[in-house]
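Beneath this line is the structure, given in structure tokens, with notes to follow.
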Amino acid sequence: MELLSVPRSLLSSCGQSVTLLGILLTVFVLLVDFMKRRKTWSRYPPGPSSFPFLGSMLQIDFHRPHVSFRQLSKRFGNIFSLQICWRNLVVLNGFEVIKEALVNKSEDIADRPRLPLYEHMGIRDNTAGLVLARYGRAWKDLRRFSLSTLRNFGMGKKTLEERIIEEASFLSSAFESEEGRPFDPHFIINNAVSNVICSVTFGDRFEYNDRKFLKLLHLFEESMELGTGFLPQVLNVVPWLMHLPGPHQKVLQVPKEILRSLREIVEEHKRNWDPAHTRDFIDAFLEEIEKAKGDQETTFSELNLLFTTSDLFSAGTETTSTTLRWALLFMLLHSDIQSKVHEEIDRVIGDGRRNRRPVMEDQVNMPFTNAVIHETQRCGDIVPIALPHMAYRDTEIQGFFIPKGTVVITNLSSALKDESYWEKPHQFYPEHFLDAEGKFAKREAFLPFSAGRRVCLGEQLARMELFIFFTTLMQRFTFLIPESQPTPRLEPRFAVTSSPRPYQICAQVR
């Protein structure tokens, strides 16, 4: 049987048509991309070249974004624009610029951008917890309730101070049990700091070897590491990728595992819940859920309880524990400063063997120790970039136009290390917070907790924890670099927070 032959002219014609179609499709896609990336606003901040589809992503090191922003600010000024695929961003650098945005234009940039990565887990406008919620009634109601409830359970009061003092004693005992041997203080400190917020949120503390507790701490740390880098940015801009199989699924699995663990704690609370006796934050939230039954627009739902509890647990653990780890590292590397802290503690409180434990009232009489803690926050640069804001309405900052819906990034690191405000911005120098007479001096450019509408809810709690934990440890121990270990490096590791790389210490009882 003879095969039917297709004329070469027809094949050639088909090939040309396919090529032409391909060219037209490519031109169309590039044209759509150009239309999405082009900006027609006057006085919009300048920025680097934007590449098709990727935008300015290749200009950013997502494992050290604050460093990339500092370098770009030298080329384009303290306010510049970027694009993550087709999402418009404006980055703010330097204390004056950040102050104008967070303080003077606080409501203008109080919104949060949509983050499909978290919407995939159920987050919506009225169920997004404290941190990621859009600016509006739901967020205002929840923040007001959370602040009020935390105060009811002791934030800023003597009752919570006593809990912190007790936990600092447990931490000190854990250090002492190492008997001067080298150890990594990372998770011991995490456990202690987390127990403070656990006592408020869950109504109880955990033993440092509790498996469920340790698992939760590890999950939160893993979630922060997975949430940093190039991949999460792509998933937020191209969310349909989340429905495809692949290694990126782990970015979604860990936060879901956290919510499962928290749901178990909430379910246990519900089984033992007595509305007449509010034990903790979860009980108070359950009471609000009961009151709001039938209100379709309520902020108070079980899903929001999970997200809010997650926010409190994470924020109440990570930044304070990271700051304490930086503080001990700085003490290892600056033995002269450690000695001065010891001298001040011994003079004001006593050496810790026969004398009382530190309390917040001591802070006013301990300017050098207070300055060391503040300088740790500044030099450690714990949260170099605040979570992204979004313009709630059209606004102007330093004469530049920022349209509604633009993502606004505040590079807090650039304020904490602003060369026009700090004498030695890149060195550990407690004298930044001391006046000529050696008294403690506040500095306007000190913004570790951010500012404005989205200022850290737990700032007061964190300040109390930092002073009591640090002073208690310094009262009891001299910290040394183990003889068998190299000198620890100051190069940080970035995963939302900027933390020290793993190091070991010897805690010698004084």
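Quick note on numbering: this note's numbering labels position 109 of the sequence shown as 91, and the sequence is numbered without any gaps. For glycine and all other residues, C-beta sits at the position ideal for the given N, C-alpha and C.
DSSP places Leu71 in no alpha helix (DSSP H) but in the uninterrupted beta strand (DSSP E) bounded by Arg69 to Leu74. In the DSSP assignment, Phe461 forms a beta bridge with Ala489. Beta-bridge pairing by DSSP links His371 to Val390. Taking all protein chains shown into account, Trp308 has 16 or more neighbouring C-beta atoms within 10 Å of its C-beta and is therefore buried.
In the DSSP assignment, Asp93 forms a beta bridge with Met372.
Bounds of any beta strand (DSSP E) do not take in Thr281, whose DSSP letter is neither H nor E. Below 8 Å, enough C-beta pairs join the segment 91 to 99 and the segment 363 to 372 to call them touching: three or more. Take the alpha-carbon of Leu241 and the one of Ala297: they are about 15 Å apart. A contact between stretches requires three or more CB pairs, one per stretch, nearer than 8 Å, and the segment 354 to 365 meets this requirement with the segment 411 to 419. Rounded to the nearest whole angstrom, the C-alpha separation of Leu64 and Gly29 is 6 Å. An exposed status is given to Trp222, since fewer than 16 other beta-carbon atoms sit within 10 Å of its beta-carbon. Nearest to Val390 by C-alpha distance, out of Gly37, Ile42, Val72 and Leu40, is Val72.
Per DSSP, Glu378 is one residue of the beta strand (DSSP E) stretching across Thr377 to Ile379. The beta carbons of Leu213 and Val236 sit no closer together than 8 Å. Between the beta-carbon of Ile146 and that of Val182 there is about 11 Å, and that puts the pair past the 8 Å contact cut. Phe449 is not a Cβ neighbour of Gln490, given a cutoff of 8 Å. Of the candidates Asn352, Leu153 and Glu161, the residue whose Cα lies closest to the Cα of Asn191 is Leu153. Contact between Pro366 and Ser480 is confirmed by a C-beta separation of about 5 Å, below the 8 Å threshold. Look at Pro349 here: in three-state DSSP terms it is helix. For the 8 Å CB-CB criterion, Trp255 and Leu244 do not form a contact. The shortest C-alpha to C-alpha distance from Leu99 to any of Ser24, Trp121, Gly209 and Leu198 is the one to Gly209. Taken in chain order, the complete alpha helix (DSSP H) segments of 4 residues or longer contained in the segment 203 to 286 are 212 to 219, 231 to 253 and 263 to 273.
In chain order, Thr210, Gly211 and Phe476 place their CB closer than 8 Å to the CB of His45, counting only its own chain and leaving out the 5 sequence neighbours on each side.
Put simply, of Thr299, Glu473, His259 and Glu343 the residue whose alpha carbon is nearest the alpha carbon of Cys438 is Thr299.
For Thr302, the enclosing alpha helix (DSSP H) starts and ends at Glu300 to Leu315. Taking the C-beta atoms as reference points, Leu124 is found nearer than 8 Å to Asn286.
A residue is called buried once 16 or more other Cβ atoms fall within 10 Å of its Cβ, and Asp186, having fewer, is exposed. The beta carbons of Arg25 and Phe289 sit about 37 Å from each other, so the pair does not count as a contact at 8 Å.
Under the DSSP assignment, Ala477 falls in the beta strand (DSSP E) whose first and last residues are Pro474 to Ala477. Look at Phe62 here: in three-state DSSP terms it is strand.
Shown here for Arg52: same chain residues with a beta carbon closer than 8 Å to its own, the five before and five after excluded, namely Asn75, Asn393, Ser395 and Ser396 in chain order.
Put simply, the backbone Cα of Phe428 is about 30 Å away from that of Ser151. Between Phe452 and Ile487 a beta carbon distance of about 14 Å is seen, past the 8 Å cut, so the two are scored as non-contacting. Only residues of its own chain outside the window of five on either side were considered, and among them Glu149 and Leu153 have a CB closer than 6 Å to the CB of Ala174, listed in chain order. In the same chain as Gly387, and ignoring 5 residues on each side of it, the C-beta atoms closer than 7 Å to its own belong to Met372 and Ala373, in chain order. Asp318 sits exposed, since fewer than 16 C-beta atoms from the chains shown fall within 10 Å of its C-beta.
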